[in-house]
Ligand SMILES: C[S@@+](CC[C@H](N)C(=O)[O-])C[C@H]1O[C@@H](n2cnc3c(N)ncnc32)[C@H](O)[C@@H]1O
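Numbering (UniProt numbering), first residue to last: 1 to 255.
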């Protein structure tokens, strides 16, 4: 994650409560003042993972692009059919201007809600999100038994992602959300995707989930029926239980 700088003055301005991240006005206000902030990690940290699953002929939808440089990095790898969406009109306007000024004319940027995507069925090869689904989990209450509003929103998002993916499409989710909290959603029986993940990052581990539509396996069925106990450090547990991460600069936690 970027450190605060003169160009990035709001990186250490945290909202008073995590629930602010659910307020579209918070993002508009923030993006008015902030030029670039890379949630979790930048492309260089997971490039090796992403390029295993995307090739230049693919159409890619990025959910909640904010002011991240992920789409530019993908473009630099030859992936040019990219659509970015964000709920924040400020983010969309600033991202459009930035991409135009840098000559990335083919990347499309739209104001849209990932809970109600304005696209037809089966029109993207890859849907990718970095830190955007995590917004839905702030203020979720007990992470083992999230509030019904959280569950409804996460399921609405996943249904939209599943719907717009082509039959063999891939959903990539980059998050601090651990498998024992994400798999109960990813593995719901209505989804036809398989669920795998890798980790990246030093000290603090981020998760890189790969969900392949149409490839659901017996083990995906099994884990939708049982709740797994975590086998991850207490440190991670404290972060999730305290709902801490979305109010804190993760890089500071690592030092
Ligand atoms: C934590 S930031 C992540 C930004 C970016 N993906 C990154 O990696 O730096 C979450 C982003 O999701 C956007 N967002 C929140 N709710 C959304 C929704 N329902 N639909 C689309 N975008 C949303 C916010 O405006 C914000 O840009």
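Where is the CB? At the ideal position from N, CA and C, for every residue including glycine.
Per DSSP, the beta-bridge partners of residue 197 are 209.
Residue range 148-164 is occupied by the alpha helix (DSSP H) that includes residue 153. Ligand 1 has a heavy atom closer than 6 Å to the beta-carbon of residue 27. Assigned with DSSP and collapsed to three states, residue 34 falls in coil, not helix or strand. Rounded to the nearest angstrom, the gap between the Cα atoms of residue 107 and residue 81 is 7 Å. With a cutoff of 6 Å, residue 91 counts as near ligand 1, since its C-beta is closer than that to a heavy atom of the ligand. When the Cα atoms are used, residue 203 and residue 145 turn out to be separated by approximately 28 Å. Judged by their CB atoms, residue 125 and residue 189 are not nearer to each other than the 7 Å cut-off.
Residue 92: member of the alpha helix (DSSP H) spanning 89-101, first to last residue. Bounds of the alpha helix (DSSP H) holding residue 50 are 47-50.
Residue 59: member of the beta strand (DSSP E) spanning 59-63, first to last residue.
Following the DSSP letters along the chain, one finds residue 138 in no alpha helix (DSSP H), marked with neither H nor E. Between residue 54 and residue 79, the C-beta gap is smaller than 7 Å, which places the two residues in contact. Apart from the 5 residues on each side of it in sequence, residue 209 sits with its Cβ closer than 6 Å to the Cβ of 173, 197 in its chain, given in chain order.
Within the same chain, Cβ atoms closer than 6 Å to the Cβ of residue 122 are found at 166, the five residues on either side in sequence being excluded. According to the DSSP secondary-structure assignment, residue 84 is paired through a beta bridge with 62, 109. Residue nearest to residue 175 within the set 100, 128, 118, 89 is 128 (criterion: CA-CA distance). DSSP places residue 181 in the helix class (H, G or I) of the three-state scheme.
For residue 192, same chain residues with a beta-carbon under 7 Å away, outside a window of 5 residues either side, are 213, 214, 216 in chain order. With the rule of 3 Cβ pairs closer than 8 Å, the stretch 86-93 counts as touching the stretch 28-36.
The nearest non-hydrogen atom of ligand 1 is less than 6 Å from the C-beta of residue 113. Residue 215 sits in coil when the DSSP states are folded into three classes, being neither helix nor strand.
Residue 185 sits away from residue 211, with the two beta carbons spaced by 7 Å or more.
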